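Colleague:
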Amino acid sequence: MLTFAQLPSHKPDFKVDNKYRKMPSKDVVENTAKKLRENQFKVDIVNTEKEALDLVIKSIPKESSVMNCGSVTLSEIGLLDYLKDDKHGWRNLHVAILNEKDPAKQTELRRFSMASDYFLCSLPAVTKEGVIYSCDASGSRTGAMPFAAKNVVCIVGTQKIVENDQEAERRIWDFCLPCESVRSNYAYKVPGSQVQNLIRIANSNMAKERIHIIFVNKELGY
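If you're matching positions, the sequence shown starts at 1 in full-length UniProt numbering and goes up one per residue.
(1) Which residues bound the beta strand (DSSP E) around T127?
(2) Out of N151, S140, I161, which one is the CA nearest neighbour of K128?
(3) Closest by CA to R37, which one among E51, D13, E49, F215?
(4) Please classify M114 as buried or exposed, where buried requires at least 16 other C-beta atoms within 10 Å of its C-beta.
(5) Taking a contact to mean a Cβ-Cβ separation below 8 Å, would you say C154 touches H94 in this structure?
(6) Are three or more beta carbon pairs between the region 103-118 and the region 77-95 nearer than 8 Å?
(7) Could you give the DSSP three-state label for S59: helix, strand or coil?
(8) Considering Cα atoms alone, identify which of A96, I199, N203 is closest to P124.
(9) Evaluate contact between the region 99-115 and the region 57-64, counting only Cβ atoms and requiring at least three cross-stretch pairs below 8 Å.
(10) Closest to Q194 by CA distance: which of L120, W173, K15, K22 is it?
(11) Between the Cα of V43 and those of V152, S25, L83, A168, spot the shortest distance and give me the residue it belongs to.
(12) Is there a C-beta anywhere in chain C that falls below 8 Å from the one on H94?
(13) DSSP has D44 in a bridge; who is on the other side?
(14) Quick one: give me the first and last residue of the beta strand (DSSP E) that D81 is part of.
(15) Which stretch, first to last residue, makes up the alpha helix (DSSP H) that contains Y188?
(16) With C-beta atoms as the reference, is E76 less than 8 Å away from E49?
(17) For D27, which residues of its own chain have a beta-carbon under 6 Å away from its beta-carbon, when the five flanking residues on both sides are left out?
(18) Please report the distance separating the alpha-carbon of F175 from that of T142.
(19) When burial is assigned at 16 or more other CB atoms within 10 Å of the CB, is K218 buried or exposed?
(20) Return helix, strand or coil for L2, following the three-state DSSP convention.
(21) Please name the residue in Y188, E209, S181 whose C-alpha comes closest to that of K11.
(22) What does a CB cutoff of less than 6 Å around N39 pick up in its chain, not counting 5 residues either side in sequence?
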């Protein structure tokens, strides 16, 4: 996974507005967490990648089915490497998908994985009003988050906190998409990425604290 700092090495003329990388104050993070809790999200705030990884591990019971999406943030906290180790005791649905070579069966496994016990991801934007956003090109995130997954755990660098809905969408289109396009070109040899699905979740909908936001006081992901 290309980190933000590595993107120019693949595309020398890469440029985005660095205002979307600005770290918020402690008060902004805490007030955003308060608003999220009022909207029925579960929220924790940690300071390091290791603390985030440890909290994810602690939050998921053994034997749970787990699905993760592709994410620079998950890579940066060490979660993708941790998932490669069978010692976690979870049922890793992503591994099952990768191991299946029949395209039709793999598609069915992908659909099944949306209803995992725990879906692990990051987010492109969180508003100070306590609203979260997600987007993707294929439905591999947005298919799970609003309904299908029993629990959703989102690890989020606090630079992704924005003022409101309008700023959330601007961050996605003006910052996240250009970054992800460079990464997709590097990883998959495609021209770029696309935002085909964009969702706004204003509360934890199905059940209180179904969606768990882990804020990390670091610049992580895009």
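Cβ coordinates follow ideal geometry from the N, Cα and C atoms, glycine included.
Here the structure is a predicted model, which means the values were calculated and not measured.
Modeller: On the basis of the data shown:
(1) Taken as a continuous stretch (DSSP letters only), the beta strand (DSSP E) holding T127 covers 125-127.
(2) Among N151, S140, I161, the Cα nearest to that of K128 belongs to I161.
(3) Just measuring C-alpha positions, the residue of E51, D13, E49, F215 sitting nearest R37 is F215.
(4) That one is buried.
(5) Between C154 and H94, the C-beta gap is not smaller than 8 Å, which leaves the two residues out of contact.
(6) Contact between the region 103-118 and the region 77-95 is present, with at least three C-beta pairs closer than 8 Å.
(7) Correct three-state label for S59: helix.
(8) Each of A96, I199, N203 was checked against the Cα of P124, and the nearest Cα belongs to I199.
(9) Because the criterion of three Cβ pairs below 8 Å is not met, the region 99-115 and the region 57-64 do not touch.
(10) Comparing Cα-Cα distances from Q194 to each of L120, W173, K15, K22, the minimum goes to W173.
(11) Considering only alpha carbons, the answer is V152.
(12) Absent here is chain C; the protein component of the structure consists of one chain.
(13) Note: D44 is bridge-paired with I214 in the DSSP secondary-structure output.
(14) Note, D81: premise wrong, no beta strand (DSSP E); alpha helix (DSSP H) at 79-83.
(15) Element bounds for Y188: 177-188.
(16) Yes, these two residues count as a Cβ contact at 8 Å.
(17) None.
(18) About 19 Å.
(19) Taking a 10 Å sphere around the C-beta of K218, we find 16 or more other C-beta atoms and assign the residue as buried.
(20) In this structure, L2 counts as coil in the three-state DSSP scheme.
(21) It is S181.
(22) Excluding residues within five positions, the ones whose Cβ falls inside 6 Å are G130, N203.
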